[in-house]
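Student:
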Amino acid sequence: MKAFRDETVERLSRASGLSPEAVDRLLVVAEADRGDFALPCFVPAKERKAPPPKVAAEIAAKAEAGGRVAQITAAGPYVNVRLDRARLAQETVEAARAAGPAWGHGSEGAGKTVVVDYSSPNVAKPLAFHHLRSTMIGNSLVRLYRARGWRTVGVNHLGDWGTGFGKLLLAVELWGHGPITAQDPRGLNAMYVRVNAEIAKDPTLEDRARAWFKRLEDGDEVARDLWRRCVDLSMREFQDVYDRLGVTFDHVTGESFYEDRMPGVVAELKGKGLLEESEGALVVRVDRPDDEKEVPPCLIVKSDGATLYATRDLAAAEYRRVTFHFDRALYVVDVGQGLHFEQLKRVLLRAGHPWADAMRHVPFGVLLIGGTRAKTRTGQVVLLADVLDEAVERVEGVIREKNPELADAAEVAKAVGVGAVVFSDLKNRRINDIQLDLESVLSFEGKTGPYVMYSHARACSILRKHGAALPAFPQGGGALLSDAGEQALVRAVARFPERVARAVETDEPSEVATHLLDLCEAFHAYHARGSRDPALRVLTEDATVRAARLHLVDAVRVTLAAGLSLLGMAAPEQM
RNA sequence: GUCCCCGUAGCUCAGCUGGACAGAGCAUCGGUUUCCUAAACCGAAGGUCGGCAGUUCGAAUCUGCCCGGGGACACCA
1201 MKAFRDETVE
1211 RLSRASGLSP
1221 EAVDRLLVVA
1231 EADRGDFALP
1241 CFVPAKERKA
1251 PPPKVAAEIA
1261 AKAEAGGRVA
1271 QITAAGPYVN
1281 VRLDRARLAQ
1291 ETVEAARAAG
1301 PAWGHGSEGA
1311 GKTVVVDYSS
1321 PNVAKPLAFH
1331 HLRSTMIGNS
1341 LVRLYRARGW
1351 RTVGVNHLGD
1361 WGTGFGKLLL
1371 AVELWGHGPI
1381 TAQDPRGLNA
1391 MYVRVNAEIA
1401 KDPTLEDRAR
1411 AWFKRLEDGD
1421 EVARDLWRRC
1431 VDLSMREFQD
1441 VYDRLGVTFD
1451 HVTGESFYED
1461 RMPGVVAELK
1471 GKGLLEESEG
1481 ALVVRVDRPD
1491 DEKEVPPCLI
1501 VKSDGATLYA
1511 TRDLAAAEYR
1521 RVTFHFDRAL
1531 YVVDVGQGLH
1541 FEQLKRVLLR
1551 AGHPWADAMR
1561 HVPFGVLLIG
1571 GTRAKTRTGQ
1581 VVLLADVLDE
1591 AVERVEGVIR
1601 EKNPELADAA
1611 EVAKAVGVGA
1621 VVFSDLKNRR
1631 INDIQLDLES
1641 VLSFEGKTGP
1651 YVMYSHARAC
1661 SILRKHGAAL
1671 PAFPQGGGAL
1681 LSDAGEQALV
1691 RAVARFPERV
1701 ARAVETDEPS
1711 EVATHLLDLC
1721 EAFHAYHARG
1731 SRDPALRVLT
1741 EDATVRAARL
1751 HLVDAVRVTL
1761 AAGLSLLGMA
1771 APEQM
């Protein structure tokens, strides 16, 4: 598609006298029935002090069609461009099939490194449904960046340190370590919920929890031992869910990993004269004279001498910079932490680290339950593992009903069930808050993961039915893929790579998800019309037509498989 | 109080680096299975793009104010 756009720009540039850059800025993608591209002539008309329709007519008259451009016509104030669709069909199908799983890949990230911090759950709590967001958005971003040539480093920054642990150790002091010895992660969580409830009733317990964390930080052996066992227990449970989701990391480093680096961070800030005492604590002021808003100081050391997560994030940022030399660092963390990352970046900049500008908070909306934010502390959670179980079970039911012959039904149900949950999270823009609505997460009709996977399975089914290897693309076959249904597929396949690039630019996996839905819609409509008219089937009588259509279906299959993979989903060949 | 995000059909959303008539899915109603998987397709109905100004040849898209919802604002992460 890029070659087609470039050529369009070149021809319009020559005809209009505008620079290629100017044409490229103005050129829009037209709706299919109007052509392929359109050039609105309002801006050039203004410069020439002539009416837009006149300018459009002049440009259209001067422009020469040819090559990849079939037709250039004026329509009111617009110049419409129609591409050589036979050529577009052929080049697109050939490019997609040649690329295979690498369709959509690009090289603009070559030589650059991105560190992606995602999932990063707190230890001693189970993975709840809302953890899906950071986990799957981050997982997808890693795949997307890698596809566009970046070297990627996926980091799981476990919350295994902090006052939360003090609370847990306090709980053990109060009620014993039963859940730990019993290897019972849910019991551990119940204890965490209970201790938070107790603290809410009796605020003096808060201080005792802080004291426990201080003991941990000071290296107290009892505290250390309990802590280690809690972390191990949680990690085993996390890994189980990550395996089911197909999520992996390059570096799993808890906040505790930075424990011995924290004094260095504090010393650095002190050495640069940035630390100030405030109400017994040490802070760095990060407001600037030209600020239009208030940016409160960043708290580095608490009044009892213990550190905070800002301290650890500073240590982590410096560590990642030194270790991975990143050109970009993403933090896939909910939108509520915007201020924290703003402060973090400002502290680093004040400390003379210009690379901090490469840090990007990639925010996402929170999960709402009954209109209010889901909180693990109050125990008001839906476990992620339970949702996955439920989804897989429902899919098994659907398979029994619709495809009882399916050989590896259990495996397929796992893939489709998990895919349904994953896709429900990735299909919308990150920033939207999401209401917990299991019915829509577990529905398999309409714009869902199973719908996309089903499209892929149907494409595979047609190719399987054909049996033999695909014949060569027929001479002049592009012209056989010329009707509206086929052209819609060609366009969707052709535009896939630019959507992937855009997903990376905007850190937005939903760019890919919505594009796949568009493609699926076109594919199902194309597929269904064969029910009415055998001549419109892919596997039709005419061998030449059949060959051209098979190539197109294979290009669709390649695109769906590549897209699903970028979203971190499986693409079963049957379901 | 200050700041951030969101506000498009009954519900969930797409469209938002401004461009030709605002699109889907779910739900509702009506069709399609001797036919490449009906997890599908086709059709009907459904919208003051939260409101008011402004910028512009042109605004769902940009700016300001207001309203509504969510969130952040130091010793939690």
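All residue numbers for the first sequence refer to our numbering, where the first residue is 1201 and numbers rise by one. Using N, Cα and C, we set each Cβ at its ideal position, and we do this for glycine too.
Quick check on DSSP: helix, strand or coil for threonine 1363?
Tutor: In the first sequence, residue 1363 corresponds to position 163, counting from 1. Helix, per DSSP.
Student: Spatial neighbours of alanine 1147 within its chain, please: CB distance less than 6 angstroms, with the 5 preceding and 5 following residues excluded, ordered by chain position.
Tutor: One cannot answer for residue 1147 here, as it falls past the ends of the chain, which runs 1201 to 1775.
Student: Would DSSP call glycine 1730 helix, strand or coil?
Tutor: If you number the first sequence from 1, residue 1730 lands on position 530. Three-state DSSP puts glycine 1730 in a helix.
Student: Within 8 angstroms, do at least three Cβ pairs link the region 1227–1235 to the region 1298–1314?
Tutor: Short answer: they don't touch.
Student: Is proline 1563 helix, strand or coil by DSSP?
Tutor: Here residue 1563 refers to the residue found at position 363 when the first sequence is read from its first residue. Proline 1563: strand per DSSP, three-state reduction.
Student: Under a three-way DSSP split, which group does serine 1216 fall into?
Tutor: For the purposes of this step, residue 1216 is taken as the residue at position 16 of the first sequence. Of the three classes helix, strand and coil, the one that applies to serine 1216 here is helix, per DSSP.
Student: Inspect the CB distances between the region 1553–1573 and the region 1348–1358 and report whether three or more fall short of 8 angstroms.
Tutor: No, because fewer than three Cβ pairs between the region 1553–1573 and the region 1348–1358 fall closer than 8 angstroms, the two stretches do not touch.
Student: I'd like to know whether the C-beta atoms of valine 1700 and valine 1690 end up nearer to each other than 9 angstroms.
Tutor: Here residue 1700 refers to the residue found at position 500 when the first sequence is read from its first residue. Here residue 1690 refers to the residue found at position 490 when the first sequence is read from its first residue. Taking 9 angstroms as the Cβ cut-off, valine 1700 and valine 1690 do not qualify as a contacting pair.
Student: Only counting the same chain, and skipping five residues up and downstream in sequence, which positions put a Cβ closer than 7 angstroms to that of valine 1255?
Tutor: Against the first sequence, residue 1255 aligns to sequence position 55. Taken in chain order, the residues that qualify are Cys1241, Pro1244, Ala1245 and Arg1248.
Student: Using C-beta distances below 7 angstroms, list every residue in its chain close to alanine 1515, excluding the 5 sequence neighbours before and after it, in chain order.
Tutor: As a first step, residue 1515 is located in the first sequence; it is residue number 315 there, counting from the start. Excluding residues within five positions, the ones whose Cβ falls inside 7 angstroms are Tyr1458, Arg1461, Met1462 and Val1465.
Student: What residue does the alpha helix (DSSP H) around proline 1379 start on, and which one ends it?
Tutor: The residue given as residue 1379 occupies position 179 in the first sequence. Note, proline 1379: alpha helix (DSSP H), 1378–1381.
Student: Please state the DSSP three-state secondary structure of isoleucine 1500.
Tutor: If you number the first sequence from 1, residue 1500 lands on position 300. Residue state, collapsed to three classes: strand.
Student: Can you check the region 1295–1344 for any beta strand (DSSP E) of at least 3 residues that lies completely inside it and give the ranges in chain order?
Tutor: Fully enclosed beta strand (DSSP E) runs of 3 or longer: 1313–1317.
Student: Would you decide whether threonine 1523 is buried or exposed? Buried here means 16 or more other CB atoms lie within 10 Å of its CB.
Tutor: Working through the first sequence from its first residue, we reach residue 1523 at position 323. Burial call: exposed.
Student: Measuring alpha carbon to alpha carbon, tell me which residue in Arg1394, Ala1397 and Gly1387 is nearest cysteine 1430.
Tutor: Reading the first sequence from its first residue, position 230 is the one you call residue 1430. Nearest of Arg1394, Ala1397 and Gly1387 to cysteine 1430, Cα basis: Gly1387.
Student: Can you tell me where the beta strand (DSSP E) with aspartate 1534 in it begins and where it stops?
Tutor: Taking the first residue of the first sequence as 1, we reach residue 1534 at position 334. Run containing aspartate 1534: 1528–1534, per the beta strand (DSSP E) assignment.
Student: DSSP three-state label for threonine 1648, please.
Tutor: Residue 1648 sits at position 448 when you count from the first residue of the first sequence. The answer is coil: DSSP assigns threonine 1648 none of H, G, I, E or B.
Student: For histidine 1656, which three-state DSSP category applies?
Tutor: Along the first sequence, one-based indexing puts residue 1656 at 456. Correct three-state label for histidine 1656: helix.
Student: My assumption, with CB atoms under 8 angstroms, is that aspartate 1317 sits in contact with leucine 1283. Please give the rounded CB distance.
Tutor: What you label residue 1317 is simply residue 117 of the first sequence in a count that begins at 1. What you label residue 1283 is simply residue 83 of the first sequence in a count that begins at 1. That belief does not hold up - the Cβ atoms of aspartate 1317 and leucine 1283 are roughly 42 angstroms apart, past 8 angstroms.
Student: Which first and last residues belong to the alpha helix (DSSP H) in which aspartate 1416 is found?
Tutor: In the first sequence, the residue the question calls residue 1416 occupies position 216. Just to set this straight, residue 1416 is leucine in the shown sequence, not aspartate. Residues 1404–1417.
Student: I'd like to know whether the C-beta atoms of valine 1323 and methionine 1391 end up nearer to each other than 9 angstroms.
Tutor: The count along the first sequence starts at 1 and reaches residue 1323 at position 123. The count along the first sequence starts at 1 and reaches residue 1391 at position 191. No, Cβ-Cβ distance for valine 1323 and methionine 1391 is not below 9 angstroms.
Student: Quick one: residues in its chain with C-beta nearer than 7 angstroms to the C-beta of valine 1372, no 5 flanking neighbours on either side, listed in chain order?
Tutor: Numbered from 1 along the first sequence, position 172 holds the residue referred to as residue 1372. Result list for valine 1372: Leu1426, in chain order.
Student: Identify the continuous alpha helix (DSSP H) that holds serine 1765 and give its terminal residues.
Tutor: Here residue 1765 corresponds to residue number 565 of the first sequence, with the count starting at 1. From DSSP, the alpha helix (DSSP H) with serine 1765 extends over 1743–1766.
Student: Could you compute how far the alpha carbon of phenylalanine 1413 sits from the alpha carbon of glutamate 1406?
Tutor: Indexing the first sequence from 1 puts residue 1413 at position 213. Indexing the first sequence from 1 puts residue 1406 at position 206. When rounded, the distance between both Cα atoms is 11 angstroms.
Student: In angstroms, rounded to a whole number, what distance separates the CA positions of proline 1489 and leucine 1226?
Tutor: The residue you call residue 1489 lines up with position 289 of the first sequence. The residue you call residue 1226 lines up with position 26 of the first sequence. Rounded to whole angstroms, proline 1489 to leucine 1226 spans 39 angstroms at the Cα level.
Student: Mind checking which residues open and close the beta strand (DSSP E) that includes threonine 1273?
Tutor: Taking the first sequence and counting its residues from 1, the one referred to as residue 1273 is at position 73. It spans 1269–1275 - the beta strand (DSSP E) in which threonine 1273 sits, taken as one unbroken run.
Student: For histidine 1751, which of Val1693, Gly1730 and Leu1670 has the nearest alpha-carbon?
Tutor: Your numbering for residue 1751 matches position 551 in the first sequence. Ranking Val1693, Gly1730 and Leu1670 by Cα distance to histidine 1751 puts Leu1670 first.
Student: Beta strand (DSSP E) containing alanine 1238: first to last residue?
Tutor: Position 38 of the first sequence, counted from the first residue, corresponds to residue 1238. First-last of the beta strand (DSSP E) with alanine 1238: 1237–1240.
Student: Could you spell out where the alpha helix (DSSP H) holding valine 1255 opens and where it closes?
Tutor: In the first sequence, counting from the first residue as 1, residue 1255 sits at position 55. 1252–1262 is the span of the alpha helix (DSSP H), which, as asked, contains valine 1255.
Student: Just verifying my parser: in three-state terms, what is the DSSP assignment at isoleucine 1599?
Tutor: In the first sequence, residue 1599 corresponds to position 399, counting from 1. The answer is helix: DSSP assigns isoleucine 1599 an H, G or I state.
Student: Of the choices Phe1365, Val1484 and Pro1385, whose alpha-carbon is the least far from that of glycine 1454?
Tutor: Looking up residue 1454 in the first sequence gives position 254. With distances taken between Cα atoms, glycine 1454 lies closest to Phe1365.
Student: Return the chain-ordered list of same chain residues with a C-beta closer than 6 angstroms to the C-beta of alanine 1556, the five sequence neighbours on each side being excluded.
Tutor: By 1-based counting over the first sequence, the position of residue 1556 is 356. Excluding residues within five positions, the ones whose Cβ falls inside 6 angstroms are Lys1545, Leu1548 and Leu1549.
Student: Using only alpha-carbon positions, find the residue among Phe1526, Ala1770, Gly1359 and Asp1491 that is nearest to valine 1618.
Tutor: As a first step, residue 1618 must be located in the first sequence, where it is residue number 418. It is Ala1770.
Student: Whose CA, out of Ala1761, Glu1705, Arg1630 and Ala1755, lies closest to the CA of alanine 1298?
Tutor: On the first sequence, residue 1298 is found 98 positions in, with the first residue counted as 1. Cα-wise, what sits closest to alanine 1298 is Ala1755.
Student: Is it buried or exposed, isoleucine 1631, if we count other Cβ atoms within 10 angstroms and call 16 or more buried?
Tutor: Counting from one through the first sequence, the residue named residue 1631 turns up at place 431. Burial call: exposed.
Student: Exposed or buried, which one is threonine 1448 when buried takes at least 16 other CB atoms within 10 Å?
Tutor: As a working note, residue 1448 is residue 248 in the first sequence. Answer is exposed; the Cβ neighbour count stays below 16.
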